[in-house]
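Protein chains in written order, with our numbering: chain A, 4 to 307; chain B, 22 to 236.
For each residue, glycine too, the CB sits at the ideal point set by N, CA and C.
Remember, it's a predicted structure, so these values are computed and weren't measured experimentally.
A short worksheet on the structure shown next.
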Amino acid sequence: MSTKSGKPRPGDRVGPRQQHNWDWRAASNFIAGGTGGGLLAFAAFASLWGTDVRALLVAGMALIGIGLTCVWFEIGKPWRALNVYRHLATSWMTREAAVAPFVFGSGVLALATGQSLFVLLTGIFGACFVYAQARILAADKGIPAWRHPRCMPVVAATGFAEGASLLAVAAPFVIPQVAGQIAVAAGVLALLLVRVLLWRNYLRGLRGDGAPEGSLRALSAIDGQFLKYGNLLPAILLLVGVLGAPLASPALILAGLVAVAGGWWFKYTLVRRAAYTQGFAIPHLPVRGRGTAGPAVKPGWGGA
Amino acid sequence: MTRYVMAIDLRRCVGCQTCTAACKNANATPPGVQWRRVLDLETGEFPDVRRSFVPVACMHCDEPPCEEVCPTKATTKRPDGLVAIDYDTCIGCANCVMACPYEARSIVHEVKFAYGDKPIKSEEVRFDPARISVSMKCTFCIDRIDLAAKTGQVPGRDPDVTPACVNSCISGAMAFGDIDDPNSKVSRLLAENKTFRMHEELGTGPGVYYIWDKA
């Protein structure tokens, strides 16, 4: 098992390995739920200017519902799912689940009554949902790429960026004023900038602090394309929209869809491909044989 | 107070995997699932090579991250330090699997036996259908520890109330007992030797101490 570098090869489950317990269904919850929560937050924001956001509320709740349904199909004992509400004190999964009824309750009341208070509450609960999801990953100490302190901000940021991007997709239909559409485009631009900065900060942090080689490989593999196609391309399209070119509306729609797709790609990569376990490490090889201790061993880690 | 811990002398472990087999027999874990296993580390370059063996399982942490993230309270930390799972409450969400930095937990969704569809004798006796589709892990042979409270025996001293892996260890590398009892074997071993705990920097406070040199 030794290599020429003298380091042990990560074999026999000594080094980090890719997790296989959370598959596409769990990833879908972070993908759809994050976007849905972000959309509700920005729909509520847009409603402050009199925008008719009913369709956006329905879409946001549907996305969250799809995500939770995917998780329901993933858990081992789906008919015990209500047990998820038992640990509000420390579990962010419980808190995520606890926010969901408030999202749907206030959302339905907003749709039924048209009261702006309920619209705003739906947006606030949607934002809480995004935050809770980001904290779920951060609390999972067994996956170094998730527990890194710079992971939570980028997961939350992409949820909000995706939500705002879907608002941009809807803007040509629900915001007739050009000024309003420009404001949405400017907002999405700002959020994409924040997402890029947090993403780069996260990647730099992982490389600087050290992480499983598999995580670094998976995240580095999407870095360039995520920047170019997930952020720069929609940013250019948004600028086209802002500058009022003849194709402003299609540009906004396309920009929003591309930005959402970029975020979904990132989250899928994070939850599935980059999710490597901690692996094992020992600070001292035991004293045996020649009577001297050996150096520390930490196979399968890179960076730092 | 009582705080049960394990001390594993890495200088003594020969990597025979008897503890792995004993655990499998005692707990009837399904194929592919080993609550206790022994890592085989070969390091260095010829002629300066070393081979070390590191038995690992649930560390029964002071601050178990699995308990913190568990949405159902199925995972609990007992006053005696054991981290337990209520199989009838667990929903099998795998959040604890993600939270454990020791890869101690697994979830199996199908009934599987070592040799096909029919259980062998030990599996027949010990197969627990409640463990299907929920999280499971090393329990420190919790039923034996609980038996000690009834019989007055001492875990770590009396084999009937000591984890199967510790009983089985051929080289005497594994010890179990109450770290709060200064006269227990583990307390003496920890006082007489240099130890480390796995991934201590994560703040989990593992309940397994690895001995690597004399103090």
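Cβ distance (whole Å) where serine 154 (chain B) is taken to contact lysine 80 (chain A) below 8 Å: For this step, residue 154 (chain B) is matched to residue 133 along the second sequence. For this step, residue 80 (chain A) is matched to residue 77 along the first sequence. With a Cβ gap of about 6 Å, serine 154 (chain B) and lysine 80 (chain A) count as contacting.
- Task: Pair every Cβ in the segment 50-70 of chain B with every Cβ in the segment 202-212 of chain B, then say whether three or more of these pairs are closer than 8 Å.
- Result: Remark: fewer than three beta-carbon pairs, one from each stretch, lie closer than 8 Å, so the segment 50-70 of chain B and the segment 202-212 of chain B are not flagged as touching.
| When DSSP labels each residue in this structure, what does lysine 7 (chain B) get in the three-state scheme? | Since the first residue of chain B shown is 22 and the last is 236, residue 7 (chain B) is not available in this structure.
Supposed close pair alanine 160 (chain A), valine 197 (chain A) - CB separation, criterion 8 Å
Counting from one through the first sequence, the residue named residue 160 (chain A) turns up at place 157. Counting from one through the first sequence, the residue named residue 197 (chain A) turns up at place 194. The distance from the Cβ of alanine 160 (chain A) to that of valine 197 (chain A) is about 5 Å, consistent with a contact at the 8 Å cut-off.
ask   = So, do the segment 111-122 of chain A and the segment 237-247 of chain A have three or more beta carbon pairs nearer to each other than 8 Å?
value = The answer is no - the segment 237-247 of chain A does not touch the segment 111-122 of chain A, with fewer than three Cβ pairs under 8 Å.
Contact belief for isoleucine 94 (chain B) with arginine 89 (chain A) at Cβ below 8 Å, rounded distance in angstroms: One-based indexing of the second sequence puts residue 94 (chain B) at position 73. One-based indexing of the first sequence puts residue 89 (chain A) at position 86. Per the sequence shown, residue 94 (chain B) should be read as lysine rather than isoleucine. The C-beta distance from lysine 94 (chain B) to arginine 89 (chain A) rounds to 5 Å, short enough to fall under 8 Å.
Check: Which class does isoleucine 285 (chain A) belong to by DSSP, given the choice of helix, strand or coil?
Finding: On the first sequence, residue 285 (chain A) is found 282 positions in, with the first residue counted as 1. Three-state DSSP puts isoleucine 285 (chain A) in a strand.
- Item | Nearest-angstrom Cα separation, counted from methionine 195 (chain B) out to histidine 23 (chain A) | Within the first sequence, numbered from 1, the residue matching residue 23 (chain A) stands at position 20. Within the second sequence, numbered from 1, the residue matching residue 195 (chain B) stands at position 174. CA-to-CA, the gap between histidine 23 (chain A) and methionine 195 (chain B) works out to about 31 Å.
message = Give me, in chain order, the residues of the same chain whose beta-carbon lies closer than 7 Å to that of glutamate 99 (chain A); leave out the 5 immediate sequence neighbours on both sides.
response = Numbered from its first residue, the first sequence carries residue 99 (chain A) at position 96. The beta carbon of glutamate 99 (chain A) is closer than 7 Å to those of Phe132, Ala135, Gln136, Ile139 in its chain, skipping five residues each way along the sequence.
Next on the checklist: Considering only the alpha carbon of each residue, which of A:Gly63, A:Ala92, A:Asn204 lies closest to valine 90 (chain B)?
Outcome noted: In the second sequence, the residue the question calls residue 90 (chain B) occupies position 69. Nearest of A:Gly63, A:Ala92, A:Asn204 to valine 90 (chain B), Cα basis: A:Ala92.
TODO: Helix, strand or coil for serine 205 (chain B), going by three-state DSSP, please let me know.
DONE: By one-based count along the second sequence, residue 205 (chain B) stands at place 184. For serine 205 (chain B), the secondary structure class from DSSP, reduced to helix, strand or coil, is coil.
Chain-ordered neighbours of aspartate 234 (chain B) on chain A, where CB pairs are closer than 8 Å
Mapped onto the second sequence, residue 234 (chain B) falls at position 213. Under the 8 Å cutoff, chain A gives His287, Pro289, Val290, Ala296.
Item to check | Simplified DSSP assignment, three categories, for methionine 157 (chain B) | outcome: Taking the second sequence and counting its residues from 1, one reaches residue 157 (chain B) at position 136. Residue state, collapsed to three classes: strand.
### Message
With H, G and I counted as helix, E and B as strand and the rest as coil, what does DSSP make of methionine 22 (chain B)?
### Response
Counting from one through the second sequence, the residue named residue 22 (chain B) turns up at place 1. Three-state result, methionine 22 (chain B): coil.
Notebook entry, point to check: Can you find a C-beta in chain B that's less than 8 Å from the C-beta of lysine 270 (chain A)?
Noted result: Position 267 of the first sequence, counted from the start, is the residue given in the question as residue 270 (chain A). Not one chain B Cβ lies under 8 Å of lysine 270 (chain A).
Review point. Assuming leucine 241 (chain A) and aspartate 226 (chain A) make a contact with CB atoms under 8 Å, what is their CB distance in whole Å?
Key: In the first sequence, residue 241 (chain A) corresponds to position 238, counting from 1. In the first sequence, residue 226 (chain A) corresponds to position 223, counting from 1. About 21 Å separates the two Cβ atoms, so there is no contact after all.
* Residue from A:Gln180, A:Pro179, A:Ile185, A:Arg153 whose Cα sits closest to the Cα of serine 168 (chain A) -> The residue labelled residue 168 (chain A) in the question sits at position 165 within the first sequence. Closest option to serine 168 (chain A), judged by alpha-carbon separation, among A:Gln180, A:Pro179, A:Ile185, A:Arg153: A:Ile185.
> Can you tell me the Cα-Cα spacing of aspartate 69 (chain B) and valine 261 (chain A), whole angstroms?
Replying inline: The residue labelled residue 69 (chain B) in the question sits at position 48 within the second sequence. The residue labelled residue 261 (chain A) in the question sits at position 258 within the first sequence. Their backbone Cα atoms lie some 55 Å apart in a straight line.
Let me know the secondary structure DSSP gives methionine 219 (chain B) once reduced to three states. Here residue 219 (chain B) corresponds to residue number 198 of the second sequence, with the count starting at 1. Coil, per DSSP.
(message) Can you look up glycine 266 (chain A) in the DSSP assignment and give me helix, strand or coil?
(response) Your numbering for residue 266 (chain A) matches position 263 in the first sequence. If DSSP states are grouped into helix, strand and coil, glycine 266 (chain A) belongs with the helices.
Members of the segment 124-136 of chain B near chain A, C-beta cut-off 7 Å = If you check each beta-carbon in the segment 124-136 of chain B against every beta-carbon of chain A, the ones closer than 7 Å belong to Glu124, Ile128, His130.
Selected residue, minimal CA-CA separation from valine 243 (chain A), among A:Ala103, A:Lys231, A:Ala258: Position 240 of the first sequence, counted from the first residue, corresponds to residue 243 (chain A). Here the closest residue by C-alpha is A:Ala258.
Go through the segment 110-193 of chain A residue by residue and report every complete run of the alpha helix (DSSP H) that reaches 4 residues or more, in order.
As for any alpha helix (DSSP H) of minimum length 4 sitting wholly inside the segment 110-193 of chain A, the runs are 119-142, 147-150, 154-177, ordered along the chain.
Open item on the list: Please state the DSSP three-state secondary structure of methionine 195 (chain B).
Closed with: Along the second sequence, read from residue 1 onward, the residue named residue 195 (chain B) stands at position 174. In the displayed model, methionine 195 (chain B) falls within a strand according to three-state DSSP.
Does any residue of chain A bring its CB to less than 8 Å from the CB of glycine 113 (chain B)? On the second sequence, residue 113 (chain B) is found 92 positions in, with the first residue counted as 1. Glycine 113 (chain B) counts as touching chain A.
query: Going by C-alpha distance, which of A:Gly41, A:Gly305, A:Lys270, A:Val177 is nearest glutamine 281 (chain A)?
result: If you number the first sequence from 1, residue 281 (chain A) lands on position 278. Looking at A:Gly41, A:Gly305, A:Lys270, A:Val177, the one whose alpha-carbon comes closest to that of glutamine 281 (chain A) is A:Gly305.
Practice prompt. Closer than 7 Å by C-beta to glycine 208 (chain A): which residues in its own chain qualify, once you throw out the five before and the five after it? Chain order, please.
Written response: Here residue 208 (chain A) refers to the residue found at position 205 of the first sequence. So the qualifying residues of the chain are His151, Arg153.
Requested in this report: Would you list the residues sitting across from tyrosine 230 (chain B) in a DSSP beta bridge?
Outcome: Working through the second sequence from its first residue, we reach residue 230 (chain B) at position 209. In the DSSP output, where bridge partners are listed per residue, tyrosine 230 (chain B) has B:Ala28.
Compare the Cα-Cα distances from leucine 294 (chain A) to each of B:Val26, B:Arg33, B:Ala125 and report the closest residue.
By one-based count along the first sequence, residue 294 (chain A) stands at place 291. The sequence shown places glycine at residue 294 (chain A), rather than the leucine named in the question. The option with the nearest alpha carbon to glycine 294 (chain A) is B:Arg33.
Please list, in chain order, the chain B residues whose beta carbon lies closer than 7 Å to that of glycine 96 (chain A). Along the first sequence, read from residue 1 onward, the residue named residue 96 (chain A) stands at position 93. Note that residue 96 (chain A) is methionine in the sequence shown, not glycine. What methionine 96 (chain A) touches in chain B: Val90, Pro92, Cys114, Asn116.
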